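First comes the structure, then the notes that go with it.
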Amino acid sequence: MTTDSPATPPNTKSMDDIMSLCKRRGFVYPASEIYGGINGFWDYGPMGAQLKKNLRDAWWTDVVMRGCNGKLGPDGKPVSIVPVDTCIIQNPKVWEASGHVAGFNDPMVTDMSTPDGKRFRADHLYGFSLMPKPVAENMQLLAEHLAGRMTIEAHPELTVIASTLGEALAQLQGDKRSTKKYTFDGFQEHETNGVKNLMSLATRSDGAEYVAMIHQVTMDEYAKDIEKIPSPFTGKAASLTPPRAFNLMFKTFIGATASEDDVAYLRPETAQGIFVNFKNVVDTTRVSVPFGIAQTGKSFRNEVTPRNFTFRSREFEQMEIEFFCHPDDAKDWYVFWRDWRMQWWQDLGLRGENLILREHDCDELAHYAKEGAGTSDIEYRFPFTAPGYGELEGIAHRTDFDLAQHEKHARAKLKYFDSTRGELAKNGQPKGEHYLPHVIEPSGGLDRGVLAILCEAYTVDESRPSPEFMKFHPRIAPIKAAVFPLVKKDGMPEKAAELHGELRQKFGHLGAIEYDEKQSIGKRYARMDEAGTPYCFTIDGDSLTDGTVTVRDRDTGQQERMKMEDVAAFLGEKLGV
RNA sequence: GCGGGUGUAGCUCAGUGGUAGAGCGUCACGUUGCCAACGUGAAUGUCGUCGGUUCGAAUCCGAUCACCCGCUCCA
Numbered sequence: 000m001t002t003d004s005p006a007t008p009p010n011t012k013s014m015d016d017i018m019s020l021c022k023r024r025g026f027v028y029p030a031s032e033i034y035g036g037i038n039g040f041w042d043y044g045p046m047g048a049q050l051k052k053n054l055r056d057a058w059w060t061d062v063v064m065r066g067c068n069g070k071l072g073p074d075g076k077p078v079s080i081v082p083v084d085t086c087i088i089q090n091p092k093v094w095e096a097s098g099h100v101a102g103f104n105d106p107m108v109t110d111m112s113t114p115d116g117k118r119f120r121a122d123h124l125y126g127f128s129l130m131p132k133p134v135a136e137n138m139q140l141l142a143e144h145l146a147g148r149m150t151i152e153a154h155p156e157l158t159v160i161a162s163t164l165g166e167a168l169a170q171l172q173g174d175k176r177s178t179k180k181y182t183f184d185g186f187q188e189h190e191t192n193g194v195k196n197l198m199s200l201a202t203r204s205d206g207a208e209y210v211a212m213i214h215q216v217t218m219d220e221y222a223k224d225i226e227k228i229p230s231p232f233t234g235k236a237a238s239l240t241p242p243r244a245f246n247l248m249f250k251t252f253i254g255a256t257a258s259e260d261d262v263a264y265l266r267p268e269t270a271q272g273i274f275v276n277f278k279n280v281v282d283t284t285r286v287s288v289p290f291g292i293a294q295t296g297k298s299f300r301n302e303v304t305p306r307n308f309t310f311r312s313r314e315f316e317q318m319e320i321e322f323f324c325h326p327d328d329a330k331d332w333y334v335f336w337r338d339w340r341m342q343w344w345q346d347l348g349l350r351g352e353n354l355i356l357r358e359h360d361c362d363e364l365a366h367y368a369k370e371g372a373g374t375s376d377i378e379y380r381f382p383f384t385a386p387g388y389g390e391l392e393g394i395a396h397r398t399d400f401d402l403a404q405h406e407k408h409a410r411a412k413l414k415y416f417d418s419t420r421g422e423l424a425k426n427g428q429p430k431g432e433h434y435l436p437h438v439i440e441p442s443g444g445l446d447r448g449v450l451a452i453l454c455e456a457y458t459v460d461e462s463r464p465s466p467e468f469m470k471f472h473p474r475i476a477p478i479k480a481a482v483f484p485l486v487k488k489d490g491m492p493e494k495a496a497e498l499h500g501e502l503r504q505k506f507g508h509l510g511a512i513e514y515d516e517k518q519s520i521g522k523r524y525a526r527m528d529e530a531g532t533p534y535c536f537t538i539d540g541d542s543l544t545d546g547t548v549t550v551r552d553r554d555t556g557q558q559e560r561m562k563m564e565d566v567a568a569f570l571g572e573k574l575g576v
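According to numbering that gives the first Met the number 0, the residues represented by the first sequence are 0 to 576, in order.
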């Protein structure tokens with residue numbers, strides 16, 4: 000970041016206009032639109048599917064096949080990456096080990112008064128309340144209270160975490176804070192409007208009589224009186240966050256009977272498929288640490304609020320690398336990946352100050368990254384986040400958290416034997432070292448990448464005949480080139496069809512090569528501008544006599560003339576092949 | 001999850017109780033020798049969905065769904 004340059008204006012492009020173009024030109028459609036759509040899901044049309052494939056291919060080629068495009072790692076050696084393609088559905092124990100199932104399946108409350116922000120299930124909080132006896136004697140009033148139709152001042156004085164009422168009672172009876180001050184004549188269960196409570200007469204040390212109640216803290220009480228509920232850990236009031244349902248995991252059933260015994264989950268990240276195959280890859284493919292395993296694929300999360308076009312959707316595709324290295328080298332590799340991934344996005348056209356690299360502060364680090372060398376985000380300033388930014392890719396030092404978890408839960412030996420380390424033996428060879436590798440995880444969002452590229456490419460220039468156009472980098476443009484006969488006569492269509500066939504044969508594996516003879520030449524150029532086609536080749540009268548064609552550049556509108564036989568070489572160079 | 005807004009042709013939108021419209025785009029034919037050219041013609045609508053009020057609903061009422069914005073949330 001430079002400090003003396005003027006502030007970049009926020010991204011002022013209109014998201015409505017971008018979405019409109021995406022629909023009009025077949026980039027993105029609302030999923031199952033003819034049925035009214037479905038919240039949080041989007042489909043890609045012909046243009047979008049090819050754009051997305053081109054981005055995925057660029058990643059696959061540059062990261063996996065070319066090992067960071069040939070850039071040497073911090074150890075001075077070529078970067079080694081191998082791909083896998085693992086299942087969306089894994090053994091449910093995978094997600095127990097990774098922590099995805101246990102912590103985030105139920106409404107959770109976070110206790111901000113504890114140093115580490117303890118989190119517990121909302122329905123596991125039980126409160127101990129006291130009511131003056133005269134009120135309790137009026138059972139009608141009490142019933143109204145229990146049904147939530149009226150409030151009487153009976154906020155819990157004390158809370159505990161328990162999964163049942165009985166467990167709560169046991170805990171409270173062992174808690175000096177209550178037993179020191181009160182004597183009880185025995186708790187009995189009462190049920191009012193389906194709500195079960197334990198109630199007892201209580202006598203305070205000074206002789207005052209109360210009704211004591213142990214009850215589960217209801218959602219209603221959270222909503223109304225959360226400020227007054229004391230922390231179960233510290234006793235402080237006003238320290239609980241409202242219950243939040245983290246229905247992160249998509250649940251499904253294996254087999255036709257669909258019973259609770261057959262529960263499985265759609266993966267919330269591709270990473271775990273890599274971790275559980277770490278040993279397989281090490282044992283079968285002659286890789287050695289440091290090396291990475293890469294995977295692209297769909298993941299699923301029940302987002303709280305899917306929003307902002309495709310930015311936060313419930314089904315999305317990731318491009319993930321888990322890079323395994325010796326713990327001592329983790330810092331170097333973290334820096335390497337962070338910088339190279341930033342460079343990669345820039346090279347695809349996300350230049351300028353709409354793209355930033357942001358190092359996380361300590362307090363926002365994920366649980367698995369606390370001990371690590373750091374986490375950073377590559378963020379893009381989308382029109383809907385401006386002047387803020389939205390995450391495109393996260394680069395995290397995950398330490399050995401995941402491998403350690405799987406080692407424990409699966410009781411598998413995942414330690415790596417590194418024969419290049421350890422003290423030297425008598426013969427001068429290292430003795431080797433067993434260790435659990437640390438992991439640097441560059442995890443990118445493919446759909447978010449596509450969205451960023453769409454937003455970046457969208458350009459309005461009122462001075463052009465076609466003001467609205469898409470400035471895709473040629474490498475990811477879904478249509479690579481178009482061939483036109485200037486007019487539909489005099490043998491021009493035949494000549495153009497010939498060139499079209501040749502280009503399609505040579506470059507069709509990279510993207511579409513279009514042929515268009517409909518309507519005026521200006522309209523055809525405009526159509527291609529809107530689809531983001533970088534080059535248009537036009538056959539005119541001269542083509543028939545001297546074998547030259549014109550090539551028009553999308554961004555400048557400039558034309559130049561070249562020999563027809565040079566067209567393929569020209570386009571190949573522009574596409575970087 | 002809460003609050004606000006929007007929903008009519010592929011896109012942008014008009015239509016406030018009485019025949020479903022415009023511009024652009026698309027397609028066809030003609031014209032056209034390089035930048036959304038011109039002429040003629042054509043196709044395209046569960047008016048988001050369901051229900052109610054009414055002789056009659058795109059229009060009024062209710063519910064619901066989707067999208068947008070703000071809050072919240074996002075290991």
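From the three backbone atoms N, C-alpha and C, an ideal C-beta is built for every residue, glycine too. All values reported here derive from a predicted model rather than from experimental measurement.
Three-state secondary structure assigned by DSSP to residue i
i    : result
H325 : coil
V288 : coil
I520 : helix
Y415 : strand
G337 : For clarity, residue 337 is Arg in the given sequence; the question names Gly instead. Helix.
G465 : Gly is not the amino acid found at residue 465; the sequence shown has Ser there. In the structure shown, S465 sits in coil (DSSP, three-state: anything other than H, G, I, E or B).
A481 : strand
I33  : helix
P45  : helix
G448 : helix
R300 : coil
D554 : coil
H405 : helix
Y388 : coil
Close-in-space but distant-in-sequence residues of the same chain around residue i (CB under 6 Å, 5 per side omitted)
i    : result
Q461 : For the record, residue 461 in the displayed sequence is Glu; it is not Gln. Here the set comprises nothing.
M212 : S128, N196, M198
P484 : M491, P492, A495, E516, I538
T295 : R55, M318
R560 : T547, T549
G291 : I80, I320, F322
I88  : A263
D42  : Y28, A30
T309 : W41, D446, L450
G596 : Outside the shown range of the chain (0 to 576) lies residue 596, about which nothing can therefore be said.
Anticipated Cβ contact below 8 Å, residue i with residue j, distance rounded
i    : j    : result
G387 : I452 : With 8 Å as the limit, G387 and I452 do not qualify as a contact, their Cβ atoms being about 19 Å apart.
L54  : F26  : The Cβ separation is near 13 Å, so there is no contact.
A409 : E440 : That pair is no contact at about 20 Å.
A403 : K278 : A403 to K278, Cβ: 14 Å. No contact.
Pair within 8 Å by beta-carbon distance, residue i and residue j
i    : j    : result
S298 : Q271 : no
T537 : R551 : yes
Y34  : A121 : no
E378 : G389 : yes
L356 : R337 : yes
E529 : F471 : no
P464 : G521 : yes
Y434 : P326 : yes
R313 : N301 : yes
F569 : C454 : no
Beta-carbon proximity list for residue i, same chain, < 8 Å, skipping 5 on both sides
i    : result
G69  : P77
V576 : F506, L509
V280 : V81, V83, V286, I292
S19  : none
I512 : I478, K479, A480, A481, V482, H499, L502, R503, F506
F186 : L168, L197, M198, S199, A211, I213
Y415 : V281, V288, F323, H433, Y434, L435, P436
Cβ-based neighbour list, residue i, same chain, cut-off 7 Å, excluding 5 preceding and 5 following
i    : result
D224 : H154
P242 : P106, M107, V108, A121, M218, Y221
L445 : K51, L54, R55, T295, E316, Q317, M318
F335 : G72, P73
Residue environment, residue i, which counts as buried when at least 16 other CB atoms sit within 10 Å
i    : result
D184 : exposed
L71  : exposed
D205 : exposed
F400 : buried
C86  : exposed
Residue i CB to nearest heavy atom of the ligand FAD below 7 Å
i    : result
M491 : Among the ligands in the structure shown, none appear at all, so the ligand FAD cannot be discussed.
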